[in-house]
Amino acid sequence: MRLLLLGPPGAGKGTQARRLTERLQIPHISTGDMFRQAMAQGTPLGLAAKSYMERGQLVPDDVTIGLVRERLGEADCERGFLLDGFPRTVPQADALGRILGDVGRPLDQAINLEVPEKRLIERAVGRRVCPNCGATYHVVYNPPRLPEICDVCGHPLRQRDDDREETVKRRLEVYYQQTEPLIRYYEEAGLLKNVNGDQDMDSVLEAILLALGNR
Ligand code: AP5
Ligand code: MG
Ligand code: ZN
Numbered sequence: 396m397r398l399l400l401l402g403p404p405g406a407g408k409g410t411q412a413r414r415l416t417e418r419l420q421i422p423h424i425s426t427g428d429m430f431r432q433a434m435a436q437g438t439p440l441g442l443a444a445k446s447y448m449e450r451g452q453l454v455p456d457d458v459t460i461g462l463v464r465e466r467l468g469e470a471d472c473e474r475g476f477l478l479d480g481f482p483r484t485v486p487q488a489d490a491l492g493r494i495l496g497d498v499g500r501p502l503d504q505a506i507n508l509e510v511p512e513k514r515l516i517e518r519a520v521g522r523r524v525c526p527n528c529g530a531t532y533h534v535v536y537n538p539p540r541l542p543e544i545c546d547v548c549g550h551p552l553r554q555r556d557d558d559r560e561e562t563v564k565r566r567l568e569v570y571y572q573q574t575e576p577l578i579r580y581y582e583e584a585g586l587l588k589n590v591n592g593d594q595d596m597d598s599v600l601e602a603i604l605l606a607l608g609n610r
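If you read the sequence shown in the numbering used here, its first letter stands for residue 396, the second for the next number, and so on.
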């Protein structure tokens, strides 16, 4: 299956993508995770992305599209994939359509996670991530067994640099301006499924699988 997850910052895209890709046995492609990894490694891509991400702005389309084009060309994507956080602008969506059209493997579905704004801020600000293994927690909704320590690998957890409240608000503004129009874009393409993301994590997964007709 070739899928993408749409939704504002903190909607639960990463949380659901990890569960879905395990269930469906397809790769999880998160442009945000790819940029953060490049930043941690200090690569030219990471340096290019850093100043945008810190300010809650989008990384320029040409950089992002090039990165995704390369990733979709890898062998594991032949079975399908789940895109998380891409596309985020109309030019990115157009480019994705061309990339997939060129190889005759169009998108099957776009899942849109709907979550009210006040919940989004609470989710992002309470998020903790493991810089070692990538596991994600929430101080209230998904706390680690020991405070601030990763359950999986024992490494101290941290807050993402862009999860401070002011930056989350900026990311939301950017979302409304540049990404929300994609809901209409995929609706018009007949590919959109709206899912209520304002329920517990297991119920959201069930709702997505139901929308995909794959329970
Ligand atoms: P990215 O990493 O994609 O961030 P985002 O879209 O802002 O989304 P988040 O990762 O913050 O939220 P999420 O929906 O994944 O939520 P999560 O599951 O973690 O992008 C970061 C930056 O990279 C961008 O600002 C931009 O600069 C750049 N970038 C990335 N892609 C780009 C692109 N295509 N073009 C240009 N620039 C790009 O959940 C959040 C929290 O809530 C967690 O703590 C979780 O435990 C908790 N939670 C999740 N689900 C539930 C639930 N059902 N109930 C209670 N708590 C929940
Ligand atoms: Mg994410
Ligand atoms: Zn860990």
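Yeah, the Cβ is synthetic: ideal placement off N, Cα and C, and Gly gets one too.
Set against 7 Å, the gap from the CB of glycine 427 to the closest heavy atom of the ligand MG is smaller.
Separation of the CB atoms of glycine 521 and valine 534 is rounded to 4 Å, and the pair is thereby assigned contact status at 8 Å. Under DSSP, asparagine 589 shares a beta bridge with Asn507.
Inter-segment contact for the stretch 438-450 and the stretch 526-540 is absent: fewer than three beta-carbon pairs are separated by less than 8 Å. Alanine 530 has its Cβ nearer than 7 Å to a heavy atom of the ligand ZN. With contacts defined as CB atoms closer than 8 Å, leucine 401 and asparagine 507 qualify as a contacting pair. Between glycine 427 and arginine 566, the CB-CB gap reaches or exceeds 8 Å. At the C-beta level, leucine 399 and leucine 502 come within 8 Å of one another. Taking a C-beta distance under 8 Å as the contact criterion, proline 403 and valine 498 do not qualify as a contact pair. Secondary structure of proline 551 (DSSP, three-state): strand.
Judged by the Cβ position, asparagine 537 qualifies as a neighbour of the ligand AP5 at the 7 Å threshold, a heavy atom of the ligand being closer than this.
Going by C-alpha positions, alanine 505 is about 34 Å away from glutamate 543.
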